[in-house]
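Residue numbers (the working numbering): 84 to 499.
Backbone N, C-alpha and C define an ideal beta-carbon position, used for all residues, glycine too.
Below: the structure, in structure tokens.
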């Protein structure tokens, strides 16, 4: 399917300067929604592990252009692309794109409607803005990491879902969509400063509200939603598996007790003095059957109990299968586009292009001048490997992407 032929963002053009983690995720998200995404990478990044092909899930639906942004011709080519773009995504440390000559002031002067999306951990300003970091350090500083874990134990790392993708990439997409709405109404573009610390703190709104009204204790493992409550926790089963219990509401709690055949007073659910004994009862009862036996008993009930599945198991679960929540592309299991739309249906794009595979085709499609000269001098693609001379894949198999000839030094990238 042609980029832009489906999805609510059909017709939107995005240039993504190649990076890692939340920036590419945001680009994938926009491509899934129907945007034409062109990813710009350094020519030498062809040797980096995992670039291109079905396993490069974060770059699905994008085409790839190799541009040397340290070459004046390469910078000029990128600026020409941006003349025709609606959105730019970059994930370098503050000041890097300015030093490369493609900062917001330069780009917005050429294309006043451009939405310039910046993805960092610490943000564009502040005492730590120039420091390196990764998901774990960003969520640590917000208090989110400190709130996750068992009582008396160390904080537990929630993969890099909370910072990179929840507080980072998703918030960049939200900011871009809001800024696009303004640009459509007024013709005025702007910079979107998406910082993982900001997004993660924003995700804690409900927790801060509970803390303010005395319904949350600022310590791990003693609250209703952090495993402190025995009716909102995880229990080991007879076979070494686990089930997740989330029977918060009284009617669900009653159903849980009934199916477990426990002689417990449901009206004392919130009596914390009973919690240690209740937890011991639940541990003993769940240890009497296997995970899948419990799953069969609770499935479809309102007791709010589910088996804890591994990634491979989850992909083959009947409910996710019925909804098409995951899909397989060239044998690679991956999430389907989300959310869903009743009219402008989203479709996952084709597997990621190899670095620079679409250089000639993208530059031509987007009206960049002097392509042959740029190729000859090595400002785009490379004569050594001949990427720019490869036959372009059919345009209708991709959601366009450019791969970025940005800084070679990883320290110039924002950590994720």
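Check: When DSSP builds the beta bridges, which residues end up paired with residue 100?
Finding: 123
Worksheet entry | Distance, residue 464 Cα to residue 432 Cα | 23 angstroms
ask   = DSSP on residue 372, reduced to helix/strand/coil?
value = coil
Between residue 233 and the ligand PLP, is the CB less than 7 angstroms from at least one heavy atom?
The model depicted lacks the ligand PLP and carries no ligand whatsoever.
**Asked** Does residue 199 come within less than 8 angstroms of chain C when only Cβ atoms are used?
**Response** No chain C is part of this structure, which consists of one protein chain only.
(Q) Looking at the secondary structure, which residues open and close the alpha helix (DSSP H) in which residue 212 lies? (A) Where residue 212 is concerned, there is no enclosing alpha helix (DSSP H), given that its DSSP letter is neither H nor E.
Quiz prompt | Classification of residue 225 by the beta-carbon crowding that lies within 10 angstroms, buried from 16 upward | solution = buried
Worksheet item: What is the DSSP secondary structure of residue 396, reduced to helix, strand or coil?
Response: helix
(request) Report the three-state DSSP secondary structure of residue 289 (helix, strand or coil). (result) helix
Helix or strand or just coil, what does DSSP make of residue 150? strand
Anticipated Cβ contact below 8 angstroms, residue 142 with residue 122, distance rounded: 6 angstroms
Practice problem: Give the secondary structure of residue 201 by DSSP, where H, G and I count as helix, E and B as strand, and everything else as coil. | Solution: strand
When the Cβ atoms of the segment 262-280 are set against those of the segment 220-234, are three or more pairs found closer than 8 angstroms? yes
- So, residue 390 versus residue 378, is the Cβ gap smaller than 8 angstroms? yes
Next item on the list: For residue 323, count neighbouring Cβ atoms within 10 angstroms of its own Cβ and tell me buried if that reaches 16, exposed if not.
Entry: exposed
What whole-angstrom Cβ distance do residue 403 and residue 156 have, given they're in contact under 8 angstroms? Contact flag wrong, Cβ pair sits at about 48 angstroms.
Given 8 angstroms, three or more beta-carbon pairs between the segment 104-112 and the segment 250-269: yes
Go to residue 171, then tell me how far its beta strand (DSSP E) extends in each direction, as first and last residue. 170-173
- Query: Can you tell me whether DSSP reads residue 475 as helix, strand or coil?
  - Reply: Low confidence applies to residue 475: its pLDDT is 38, below 50, so where it sits in the model is not reliable, and the reading given next is rough at best. It is coil, neither helix nor strand.
Next item on the list: For residue 101, count neighbouring Cβ atoms within 10 angstroms of its own Cβ and tell me buried if that reaches 16, exposed if not.
Entry: buried
Taking the alpha carbon of residue 95 as the reference point, which residue from 168, 232, 318 and 286 has its own alpha carbon closest? 168
Discussion item. For a test of the three-state rule: what should DSSP assign to residue 345, helix, strand or coil?
Written reply: coil
Going along the chain, which unbroken runs of the alpha helix (DSSP H) with 4 or more residues stay wholly within the segment 212-295?
218-225, 253-269, 279-286 and 288-295
Reduced DSSP secondary structure (H/G/I, E/B, other) of residue 91: coil
Exercise for review: Can you say whether residue 371 is buried or exposed, counting buried as having 16 or more other CB atoms within 10 angstroms of its CB?
Suggested key: exposed
Looking at residue 148 and residue 430, is the spacing between their C-beta atoms short of 8 angstroms? no
- Which same chain residues, not among the five before or five after residue 382, have their C-beta less than 8 angstroms away from its C-beta? none
**Prompt:** How big is the Cα-Cα spacing for residue 355 and residue 417?
**Reply:** 42 angstroms
*For the alpha helix (DSSP H) that contains residue 446, what are its first and last residues?*
442-448
- Using only alpha-carbon positions, find the residue among 331, 395, 275 and 296 that is nearest to residue 310. 331
Please report the straight-line C-alpha distance between residue 341 and residue 349, rounded to a whole angstrom. 10 angstroms
- Query: From residue 236 to residue 358, what does the alpha carbon distance come to, in whole angstroms?
  - Reply: 19 angstroms
Self-check item: Residue from 177, 138 and 165 with nearest C-alpha to residue 212
Solution: 177
> Taking Cβ positions, are residue 351 and residue 274 nearer each other than 8 angstroms?
Replying inline: no
Practice problem: For residue 501, write down the residues that DSSP places opposite it in a beta bridge. | Solution: One cannot answer for residue 501 here, as it falls past the ends of the chain, which runs 84 to 499.
Check whether the segment 297-317 touches the segment 226-245, taking contact to mean three or more Cβ pairs, one atom from each stretch, closer than 8 angstroms.
yes
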